[in-house]
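Participant: I have a structure here, written as structure tokens, and I will follow up with some questions on it.
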Amino acid sequence: MIRRIGIVGAGSMGGAIAGLAASAGLEVLLLDVRGEDDPSAPARRGLERAIASRAFLDPEAVRRVTVGNIDDHLALLAECDWILEAIVEDRELKRDLFRALVSIAREDAIITTNTSTFTLGSLLPRDAMAVRDRFFATHFFNPPRALLLVEVACLPEADQRRFDRFVRFLERRLGRRALVVRDTPGFVANRFGIYALVLAIRYTGEFGLALEEVDALTGPLLGRPRSATFRTVDLTGLDILVLGTGSLRASTGDDYTLPSWVERLYAAGHLGDKTGGGFFRREGEQHLALDASSGDYRPYRDPSIPGLAELLGQPFPQRLRGAIELPDPYGAYVRALLGGTYRYVLERTPEVAPDLPTVDRALEWGFGWAAGPYRQMDALGLDLVRELVTIAGGDEPELLSRARRRGGFYSTDGVLDIASDAVVPLSSLPTARRTNQTNAWSALDRHGMHEVADGVVALLVREIGEFPAMVEAATRQAGLQALVVVPRLDSLGYPYEQLLRHAESGEWQALDELLARVQGAFTAIAGLGVPLVVVLDGAARGAATTLALWADRTVAYVTTTFGFPEVAAGLLPFGTITGVLARRTGDDVLFDENATLEPEVRSGTVEPAMASWPTLAKSASIDSAPRARRLGFLTLGDVITLDRDGMLEIAGTMASTLAGSILARNSSLPKLAPVLRDRLTAETVELAERASLPSHLAEVWHQLMAQLGGGAAIADALAREREALARLLRASEARERLRTVLQQASAGRR
């Protein structure tokens, strides 16, 4: 089991991995070279950079990181279950480090390198051979917060069982999209992605195109990110590209040569955004672009490519074919780019990847391509691909010939094996689990409903008022055992703008009908006869937070935000008070008329309710799921995860387990013991004072809390909440405050 990781090298990559690991609950030892005045200063600066770049998904996880230096603290790595090397790309320095680690690391510790430049075998000196069975490559993509890909490789002598468990750890604990690749320079993503980038740059001058035109052709038109080619390099840094291409050229012998005009730009120190400009730059209000032929900057010109706008409105496969047919020189450029890229991929795949889906996923997950090269080639048709690659030079690659005989790389029953004409079932490949998970999310996004486990249906809720009808449709399905709900709601999730319009127009009946429609969501949950698991991924303030309070269990991504900003306006979020009292009640004795608050309750070691409504309402915005748990929004039975792709699978498994249990379902709110009603009243008074509510608004709160604390049927409790909300919305002060809250919430989303 991996509990503690030691990271040697506190640069941008080492610091980012430290933030990721700490956010996953691991203890982290972060080491760098020894500083002169402060021995741990270099590592501490690396940690500070990681904090500034938001590498910590859980901001409070910084406390799990200890900094030190290699000279004084290398021996502390003996306490680590996993040691990761992330120092500069210098082979001899790395070999010296691994020589030292062999005598320090425990016999069961995993040792990995973050390099993508050197092969594993070249990094281990002869006197370090004892660790070959547990020495792996872990090539994380930067920044890990946004890029989930990690390429993983091992030596032939690897302990395969340990390696497989480690890959699963990377996926499930660190939330990575782990690809098992061959131990070759550049692995897969950089080997092919950088080559495609180099061709796009090289052909710019050969076809006489402007940089703006190339970026227009090599972005979404080809299923690639909007930053396309030159804007991408400006964002990441031309120095990174030059060093990367030089390394790949030296280690592979392949042609990664950049044009001379790019080398001159690099020599001049124009590296991109980090230096104030690269291929593009701004001078005052003027936007400039480099002229590839002259090497001078000129005013930026919006590209005018005939037929481009129409193509961009089409689905991706049609866009790709249409790009090939654009008038020259644009079509000729695209044909050369695709032909050259496909040829290189076809020729090098057997060397770098165990199967074709690994290549596709590497470019999709690492470089943001909408479809990897083999999926692209199937979409274009392999006869056309043959024309493109032969125009690029040379005979038809063998892999393409075999695929044409089979009718494609992919088929309904699997994918072409790299080494033979056999078709391999997709389900048998290492990429299958992650691919199935991402496909499940895509299906849910498309259809709004998707079965995630046997008898477990997931619902995508885009509007809270639609929830009752969705629940009704789901419960009509034969064999339904549990529901998973994924709220994907705008703003705070409630139709506050519409409610404000009704209130300001005096349309009180329409306002009450809308309130009733919204509260129907919680009436539907209260009457649900199967377990409910809520999945929260991202912004979950307002309605999504309330759904979590009603749920039997919640699965939350670590960065999910919680809270009730509308409380600052004097509003009581729909269904929240009833939900807390109905679903978050604690020990029955605490609802006894004769109950008293024992010392351990008063001290907070035992809570009379999981979290009282006023306690929760104090938090307008909570920036992470771990903090939300500490404040009572989540329980110990809920799951906080970094495995974003796997959240539907986790929720489905959890829901299936709950389906076999006896659920605690309250048809009415408990009658709180007097001591608890008094506490609730006092907390409500404090909350109203914190919100600076006028007395007539605070009185609405007090009356509602007094009513609900005395016990009520859930339907009656929701009706009382609705009446209180209507009263609050009649007050102009509340409406003015609500508008301010909504503006702030909207600004926060931007």
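Under the numbering used here, the first residue of the sequence shown carries the number 2, and numbering increases by one thereafter. Backbone N, C-alpha and C define an ideal beta-carbon position, used for all residues, glycine too.
1) Can you tell me which of the three DSSP states His74 falls into?
2) Between which two residues does the beta strand (DSSP E) containing Met450 stretch?
3) Using only the alpha-carbon positions, how far apart do Leu30 and Pro615 sit?
4) If you run the structure through DSSP and keep just helix, strand and coil, what is Pro300?
5) Between the stretch 470-488 and the stretch 721-737, do at least 3 Cβ pairs fall closer than 8 Å?
6) Any idea what DSSP makes of Val66, helix, strand or coil?
7) Are the CB atoms of Pro186 and Leu98 within a distance shorter than 9 Å?
8) For Val390, I'd like the list of residues in its chain whose CB is within less than 6 Å of its CB, leaving aside the five on either flank, ordered along the chain.
9) Quick check on Glu152: buried or exposed, where buried means 16 or more other Cβ atoms within 10 Å of its Cβ?
10) Are at least three pairs of beta-carbons, each pair with one atom in the stretch 559-572 and one in the stretch 524-540, less than 8 Å apart?
11) Could you give the distance in angstroms between the alpha-carbon of Glu352 and the alpha-carbon of Arg183?
12) Looking at the unbroken alpha helix (DSSP H) that takes in Glu352, where does it start and where does it end?
13) Relative to the alpha-carbon of Asp72, which residue among Ala290, Asp39, Arg55, Phe57 has its alpha-carbon at the smallest distance?
14) Under 9 Å, do Gly521 and Gly466 count as touching if we go by C-beta distance?
15) Quick one: any contact between the stretch 655-669 and the stretch 711-718, if contact means 3 or more CB pairs under 8 Å?
16) State yes or no: is the C-beta of Leu58 within less than 9 Å of the C-beta of Arg173?
17) Helix, strand or coil for Gln745 per DSSP?
18) What three-state label does DSSP hand Val34 in the structure shown?
19) Taking its Cβ as the centre, do 16 or more other Cβ atoms sit within 10 Å of Leu175, making it buried, or is it exposed?
20) Taking buried to mean at least 16 other C-beta atoms within 10 Å of its own C-beta, is Ala404 buried or exposed?
21) For Glu61 and Ala545, I'd like the C-alpha separation in whole angstroms.
22) Note down, in chain order, each residue of its chain lying with its Cβ closer than 6 Å to the Cβ of Gly710, except the 5 sequence neighbours on either side.
23) Relative to the alpha-carbon of Arg518, which residue among Arg46, Leu533, Glu505, Tyr497 has its alpha-carbon at the smallest distance?
24) Do Ala372 and Asp384 have their C-beta atoms within less than 9 Å of each other?
25) Since Thr432 and Thr359 should fall inside the 8 Å C-beta cutoff, what is the C-beta to C-beta distance between them, to a whole number of angstroms?
26) Within 10 angstroms of its Cβ, does Ala707 collect 16 or more other Cβ (buried), or is it exposed?
27) Return helix, strand or coil for Leu364, following the three-state DSSP convention.
28) So, helix, strand or coil for Ser801, using DSSP?
29) Apart from the five residues just before and just after Asn595, which ones in its own chain have a Cβ nearer than 7 Å to its Cβ?
30) Using a Cβ-Cβ cutoff of less than 7 Å, which residues in the same chain neighbour Ile105 once the five nearest sequence positions on both sides are dropped?
31) State the DSSP-derived secondary structure class of Thr258, mapped to helix, strand or coil.
32) Is the beta carbon of Arg584 closer than 9 Å to that of Leu632?
33) Pull up the CB-CB distance for Ile306 and Leu321, whole angstroms please, since I reckon it's below 8 Å.
34) Does Ile202 pass the burial test, meaning 16 or more other C-beta atoms within 10 Å, or should it be called exposed?
35) Under 8 Å by Cβ, that's how I've got Phe752 and Ser117 pegged, so tell me the actual separation to the nearest angstrom.
36) For Ile3, name the three-state secondary structure that DSSP assigns.
Facilitator: Concretely, from the data shown:
1) helix
2) 450-454
3) 39 Å
4) strand
5) no
6) strand
7) no
8) Gly340, Tyr343, Arg344
9) buried
10) yes
11) 7 Å
12) That run of the alpha helix (DSSP H) goes 331-353.
13) Asp39
14) yes
15) yes
16) no
17) helix
18) coil
19) Using a 10 angstroms sphere on the CB of Leu175, the tally of other CB atoms reaches 16 or more, which defines it as buried.
20) buried
21) 23 Å
22) Leu673, Arg678, Leu681
23) Residue Tyr497 holds the alpha-carbon nearest to the alpha-carbon of Arg518 among Arg46, Leu533, Glu505, Tyr497.
24) no
25) 6 Å
26) Answer is exposed; the Cβ neighbour count stays below 16.
27) helix
28) Because residue 801 is not part of the residues shown, which for the chain are 2 to 751, the question remains open.
29) Annotation note: pLDDT 43 at Asn595 (below 50); position unreliable, coordinate value reported separately. Cβ within range, chain order: n/a, list empty.
30) Leu75, Ala76, Leu78, Ala79
31) Note: Thr258 maps to coil in three-state DSSP.
32) no
33) At roughly 15 Å, the Cβ-Cβ gap does not stay under 8 Å, so Ile306 and Leu321 are not in contact.
34) Ile202 is buried by the Cβ-count criterion.
35) Because the chain here runs from 2 to 751, residue 752 falls outside it and cannot be looked at.
36) coil
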